[in-house]
Structure formats: structure tokens, C-alpha cells
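In terms of our numbering, the sequence shown opens at residue 336 and continues consecutively.
Every residue, glycine too, gets a C-beta built ideally from N, C-alpha and C.
As the structure is a prediction and not an experimental result, all values here were calculated from the model.
Notes follow once the structure below has been shown.
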Amino acid sequence: MPTPIVSKRAPIYADVPNEKWNDWRWQLSHRLNTAEDIEKVLTLTESERKALQKPDLFRVDVTPYYISLIDPNDPNDPVRKQIIPTSEEMNAFTAMMEDSLAEDRHSPVPGLVHRYPDRVLMLVTTQCASYCRYCTRSRIVGDPGQTFNRQDFEMQIEYLKRTPQVRDVLLSGGDPLVLAPKILEELLTRLREIPHIEIIRIGSRVPVFMPMRITQELCDMLARFHPLWLNIHVNHPNEISTEVAEACDRMSRAGIPLGNQSVLLAGVNDCVHIQRELVQKLTRIRVRPYYLYQCDLVEGAGHFRTPVAKGIEIIEGLRGHTSGYAVPQFIVDAPGGGGKIPVMPNYLLSMSDHKIIVRNYEGYITTYEEPTEYKSHDPKTCLFCQNKRPEPGQTGLTGLLDGDQMFIKPQDFDELHNRNGIQHRLKDEKKWKPLGIGSGETD
């Protein structure tokens with residue numbers, strides 16, 4: 336069985352003692368962020384050097400461990416592209432947005448995003464171990480002036496206490512695992528004191544940027560707050576080193592289910608063969624591929640974007656060609672706050688009242704006979720349906736399926752389509768002049 340790559344230290348770190356190299360605090364305090372520092376490891380291209388001299392560009396920081404994964408002789412190294420800025424970040428593109436997911440609009444209190452009925456996103460820090468060049472939250476992440484203080488934290492907790500429909504809290508930021516251990520532990524303790532919060536999730540790239548942070552002590556602490564889940568963020572097979580595999584093993588042994596969220600990036604992983612190797616390596620280290628994201632419409636990330644069709648092509652090349660556990664969902668996070676929308680190849684070709692026609696990954700086409708005497712589920716006799724939890728303002732299609740409503744109208748739909756009402760209002764305003772032959776009016 337293939338093994339993860341053994342990461343090598345860049346030559347400038349050859350004399351660093353192991354006890355320092357494996358200390359996550361040392362890694363954080365020795366991050367590289369200037370052209371002068373980075374050029375000690377890599378020969379910069381003109382585009383990279385130009386970007387690194389722009390002080391208003393999105394923050395740059397790279398841990399010594401992560402920059403050591405880069406092939407210094409390859410300007411197109413997939414790890415390098417994710418972390419070293421280029422002048423392309425300065426290029427605007429069509430539909431570019433600062434807050435493409437409208438998170439600020441769904442924030443009832445600072446740092447808390449309540450987009451879905453039963454779960455919230457809790458932003459607990461704006462700092463990361465290193466900074467991805469395609470960051471969705473580059474408007475706040477990495478900015479020392481954009482921080483969440485104790486007052487924000489108390490407001491988040493208070494909102495959760497008085498919002499009983501929330502059962503699932505996702506900690507993100509920034510990266511929760513760069514928080515001081517005592518602060519992270521306090522945060523988890525406060526969440527676990529809220530009875531209706533069932534699940535805590537953490538989204539972190541620390542296991543990839545700085546795997547030495549995943550100590551046994553940290554894992555033991557996290558295990559006290561089960562059920563707790565953690566999603567890491569690996570985009571390319573070259574990021575899965577021995578250190579990453581060992582960090583994931585420690586978390587798995589602590590009972591923490593692991594998933595992976597990738598972003599589809601042009602020139603990094605927009606290849607079905609790269610993606611297949613990635614998902615297979617992930618499953619070997621007990622990390623289940625969870626999401627493959629279409630790159631968001633965020634400022635500075637235009638050169639990373641691919642057509643949505645590329646993501647569908649990749650899923651087509653994974654489904655059936657590797658284990659089902661290894662196939663992520665391809666997601667478009669809808670601009671404007673529409674949430675995550677799964678997109679996939681079309682395997683359902685046709686359907687009638689008694690039969691469907693489907694195809695498999697090889698193009699094999701077959702029929703499936705529908706049951707003719709199916710007794711439909713009766714919500715009137717189902718205890719689960721009778722005791723369903725309300726979703727204020729977010730019923731969506733379930734309201735139609737449950738029979739609670741017949742249609743869903745967009746905002747101002749009735750006003751827009753009330754043509755007769757428009758005429759009457761115009762008459763009242765003495766602006767209405769009927770069009771007709773001889774009236775002197777034209778279309």
C-alpha cells in the first residue's frame with residue numbers, strides 16, 4: 336500500500352532541533368511573510384515578488400513546515416500556488432464580491448452566522464496558521480483590526496442559549512485550533528452547557544498547515560466534548576505527509592470523526608486523476624472526503640476559478656471508479672447567501688408513473704420498475720411528523736411536501752404580478768393614460 340510522503344525540511348531549517356521543529360508554538364512564531372523571508376526557501380517569480388510587495392494585499396503567512404512541502408524548483412507546485420500570492424490576485428473579475436456568501440447579512444450577532452434552521456457557524460477567531468490565497472473570508476481573516484473579543488463571544492453564547500432550534504454548532508474563523516488552549520477549552524465547555532446543542536463541529540486547516548499542533552493533550556481535551564466532529568482541508572495529495580497522517584491517526588483514536596473539505600482550484604487540483612489520488616489517500620488515513628467546493632466569487636480568487644462543468648466532470652470520474660466513501664459532494668455555495676447546493680452528473684435519464692431509466696458510471700442503461708401498490712406515508716398517523724420541529728422563516732420545500740402550503744412566493748411576488756393593481760395606482764396618481772388609436776401615444 337502506498338504510504339504518505341515523508342516531508343522534508345527546507346535547507347534553511349536543517350539545523351533546527353527536533354524539539355523546536357515539532358513545537359507548534361515555534362512554527363507559529365517563525366512563519367514567513369515577506370519576500371525576503373520566502374526567498375530563502377523559494378526562488379520567487381516576478382509575479383510573486385510583485386504581490387509580496389503590496390502591503391494592502393490579503394495577509395501572507397506560511398509555517399516553516401508547510402513551505403517545506405513545496406518543490407522550490409517548480410513555480411507551478413500545487414502547494415505553492417495555494418499559499419504564495421501572485422499579481423493575479425489584483426485582477427478584478429465579473430461577479431466578484433467581498434462577502435460572496437452574504438454571511439454578514441445572516442449574522443444576528445457579531446461572528447455568528449445563522450443561515451440554516453438547526454445549525455450555526457460560529458466564527459471564533461480571524462487568525463490562521465497560514466493563509467489560503469482563495470479564502471472566502473479574506474474580508475476579515477488575517478486582519479489584526481478584525482478580531483472577536485470577549486463581548487462578542489458572550490453575545491454569541493447568549494444567542495445560542497435563547498435559540499433552541501440550534502442543535503449543531505460549527506466552529507470556524509480563522510482557525511479555531513490556533514486559539515490558546517485555555518480559550519478553546521472554555522469555549523467548548525460553554526457550548527456543552529447549553530442543553531439543546533447536540534453536536535459540535537470544528538473546521539480547521541491546522542492539521543495540514545501545522546500537524547504538530549495535534550498533540551495527544553489536545554486530542555484528550557477535545558474527546559471530553561463528544562459528540563465532536565472535525566473537518567480538515569486538503570486540496571492536493573502532496574499535502575498528505577507522514578506528519579498529517581499521524582495527526583489524523585491521533586484524532587481518530589480519540590474518537591473524533593474526520594472529514595475533508597477541498598476547494599476546486601485551477602492549476603492545483605482541477606484534474607480527475609489528481610482528485611482520485613487525493614480521495615484515496617484521504618480514506619487511507621481515515622479521513623472521509625466530504626465536500627468539493629466550487630471556488631467562491633471572492634476578491635483575489637478569480638484566477639483559481641474553474642467552470643462548474645469541471646467539478647461535475649471530476650465527480651463523474653470518481654463515482655463508480657473508486658469507493659463510494661471516497662466520493663465527495665460537489666458543492667456550489669450559492670452567491671448571495673443561498674447556501675450549499677449539491678451539483679452532480681445526471682444518472683436519472685427518464686421516469687414515468689411506473690418506471691425509471693437510469694445509467695451507471697460506465698454508460699450502462701437500465702430500467703427500474705416502480706411499485707404499483709405503494710401505500711403512501713401518512714403524516715397524520717406518524718408521530719415524527721406530528722412532532723416535527725418548526726423552522727421559522729426557513730421551511731423551504733419541506734412545507735410543500737408536508738402539505739403546509741401550496742406554493743412558495745419570492746419577496747414582492749404578488750405586488751409585481753398584480754397588473755390590475757398597478758393600473759389603479761397609476762390612475763390614482765393621475766399618471767395613467769390609456770393607449771389607443773388616435774391617442775397620440777406610441778409604444
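For residue j and residue i, believed in contact at Cβ under 8 Å, the rounded distance
| i | j | result |
| --- | --- | --- |
| V662 | P624 | 7 Å |
| I650 | F639 | That pair is no contact at about 19 Å. |
| G602 | A558 | Not confirmed; about 39 Å, so no contact. |
| D396 | Y466 | 5 Å |
| T702 | K690 | 5 Å |
| I532 | P542 | That belief does not hold up - the Cβ atoms of I532 and P542 are roughly 24 Å apart, past 8 Å. |
| S511 | S539 | Here residue 511 turns out to be Pro, not Ser, going by the sequence shown. Confirmed, Cβ separation roughly 6 Å. |
| P572 | I609 | 7 Å |
Alpha carbon of residue i to alpha carbon of residue j, nearest angstrom
| i | j | result |
| --- | --- | --- |
| S711 | E697 | 34 Å |
| I567 | N595 | 5 Å |
| Q362 | V414 | 18 Å |
| L523 | F560 | 7 Å |
| I405 | D737 | 53 Å |
| F742 | E520 | 46 Å |
| G509 | M686 | 46 Å |
| A582 | K616 | 14 Å |
| P445 | V476 | 14 Å |
| L751 | P745 | 10 Å |
| P352 | D358 | 10 Å |
| S364 | I402 | 14 Å |
| R344 | P399 | 8 Å |
| P346 | V504 | 42 Å |
| C606 | V614 | 12 Å |
| S382 | D412 | 15 Å |
| D555 | Y348 | 30 Å |
| P642 | R525 | 42 Å |
| T657 | R611 | 8 Å |
| K375 | E648 | 39 Å |
| M679 | E371 | 44 Å |
| D688 | P706 | 10 Å |
| P410 | P592 | 36 Å |
Residue nearest to residue i in terms of C-alpha spacing, selected from the options
| i | options | result |
| --- | --- | --- |
| P499 | A386, L392, L553 and I529 | I529 |
| N426 | E705, G646 and V633 | V633 |
| R474 | S685, D434, S587 and N604 | D434 |
| G480 | Q491, I492, T471 and T461 | T461 |
| Q551 | M586, Q362, T380 and V351 | M586 |
| A515 | V579, C463, I373 and H689 | C463 |
| A669 | Y628, R384 and R525 | Y628 |
| F369 | D358, Q417 and R394 | First, the amino acid is wrong: residue 369 is Thr here, not Phe. Selected option, being the one with the closest Cα: R394. |
| R536 | R654, C554 and L565 | L565 |
| P677 | D358, E578 and G646 | G646 |
| P714 | N695, D739 and P706 | D739 |
| R366 | V459, L505 and F544 | F544 |
| A644 | G673, N681 and I609 | N681 |
| V513 | E493, Y699 and L458 | L458 |
| T618 | L553, I575 and G635 | I575 |
| T471 | T733, L506, R485 and D631 | D631 |
| L600 | R384, D439, Y469 and G635 | Y469 |
Close Cβ partners of residue i (< 6 Å) along its chain, the five nearest in sequence each way excluded
| i | result |
| --- | --- |
| L377 | P407 |
| F428 | G637 |
| D350 | none |
8 Å Cβ shell around residue i - same chain, five flanking residues per side excluded
| i | result |
| --- | --- |
| I757 | Only weak support is given to the placement of I757: the predicted model assigns it a pLDDT of 49, under 50, and the value that follows is read from those uncertain coordinates. Around I757: no qualifying Cβ. |
| K675 | Y626, I666, V667, D668 and A669 |
| E354 | none |
7 Å CB neighbourhood of residue i in its chain, flanking five on each side removed
| i | result |
| --- | --- |
| A386 | L392, P420, T421, S422 and E424 |
| H449 | H441, P443 and V455 |
| D453 | Q500, V501, R502 and D503 |
| N695 | G655 |
| Y494 | P443, V444 and L447 |
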